[in-house]
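To keep things clear, I will list the structure first and then write my remarks on it.
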């Protein structure tokens with residue numbers, strides 16, 4: 007029996023033009039009417055999710071968002087943090103040194119800001135876009151106890167693919183790294199991902215992984231697809247997600263989320 011449905015945002019719940027269809031909203035409300043918990047899971051920060059949560063009608067005290075790819079679980083209506091797994095200034099120093107070596111742009115992100123450096127390496131400007139506010143700072147000026155929810159490397163896809171194999175393998179072993187888009191690498195605390203965040207939330211809500219349904223399209227959705235009793239891939243999902251899923255629905259431009267919800271719930 008499904009007790010929780012976790013839905014990725016970009017490429018899944020949202021159309022390609024970033025709009026939210028009435029059909030998907032109605033399907034979410036239908037699931038909620040059956041006492042099924044619906045959780046939005048995204049790499050975005052909470053500040054970039056508030057409007058979406060309000061548009062869907064997440065106004066209860068027990069509605070949750072998984073943000074920063076699992077670094078935080080937050081109550082949708084209040085912003086109260088119920089799970090928080092962070093990286094620190096010492097981690098930023100290591101990754102900043104490595105990205106400078108590889109001429110890659112790096113953006114650290116916390117609950118309030120997306121940070122830009124005083125100068126990007128060799129003119130490699132970041133292509134990271136977000137609704138969250140941005141601030142330009144000297145990365146060496148952060149206090150030692152400053153914490154971040156994730157780091158992002160976002161640049162031209164071909165160049166990123168060329169540089170990724172050159173990243174120090176020790177760093178890759180010590181941190182959670184995942185491609186949330188073909189042009190965007192996200193870096194966080196080891197074992198921090200959407201799947202583990204949902205497990206932690208499930209423990210608080212007394213919902214087991216096998217009672218969860220998860221819907222996604224990109225590599226950063228892999229852990230929640232693998233973890234859940236019902237893993238659903240979008241029709242536009244990357245092949246790895248389709249190979250792992252127990253069901254493949256329609257695309258994000260054809261209300262694939264709504265069709266998946268009705269397929270399993272009705």
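Numbering (this note's numbering), first residue to last: 7 to 272.
Yeah, the Cβ is synthetic: ideal placement off N, Cα and C, and Gly gets one too.
One thing to note: residue 202 has its Cβ no nearer than 8 Å to the Cβ of residue 223. Within the same chain, and ignoring the five residues on either side of residue 266 in sequence, the residues whose Cβ sits closer than 6 Å to its Cβ are 221, 238 and 255. DSSP, reduced to helix, strand and coil, places residue 190 within a strand of the structure shown.
By the Cβ test, the stretch 193 to 210 is in contact with the stretch 70 to 78, since at least three Cβ pairs between them sit closer than 8 Å. The DSSP-derived three-state label of residue 148 is coil. From the listed residues 9, 44, 96 and 47, the smallest Cα separation to residue 114 is found for 96. For residue 165, the enclosing alpha helix (DSSP H) begins and ends at 163 to 169. Bounds of the alpha helix (DSSP H) holding residue 245 are 245 to 250.
By alpha-carbon distance to residue 247, the top candidate from 185, 39, 125 and 55 is 185. Spatial neighbours of residue 138 in its own chain (CB-CB distance under 6 Å, excluding positions within 5 residues in sequence) are listed in chain order as 51, 53, 54 and 120. Following the DSSP letters along the chain, one finds residue 78 inside the beta strand (DSSP E) bounded by residues 78 to 81. By the CB criterion at 8 Å, residue 191 and residue 166 fall inside the cutoff. Rounded to whole angstroms, residue 160 and residue 183 show a C-alpha spacing of 13 Å. In this structure, DSSP gives residue 270 a helical state, which the three-state scheme calls helix. Taking the Cα positions, residue 214 is about 17 Å away from residue 13. Membership of residue 138 in any alpha helix (DSSP H) is not indicated, and neither H nor E is assigned to it by DSSP. According to DSSP, residue 201 shares a beta bridge with no other residue.
Residue pairing from DSSP places residue 195 in a beta bridge opposite 181. With distances taken between CA atoms, residue 10 lies nearest to 37 out of 154, 25, 37 and 29. Counting the other CB atoms within 10 Å of its CB gives residue 25 a total below 16, which places it among the exposed residues.
In this structure, the straight-line span from the alpha carbon of residue 76 to that of residue 98 is close to 18 Å.
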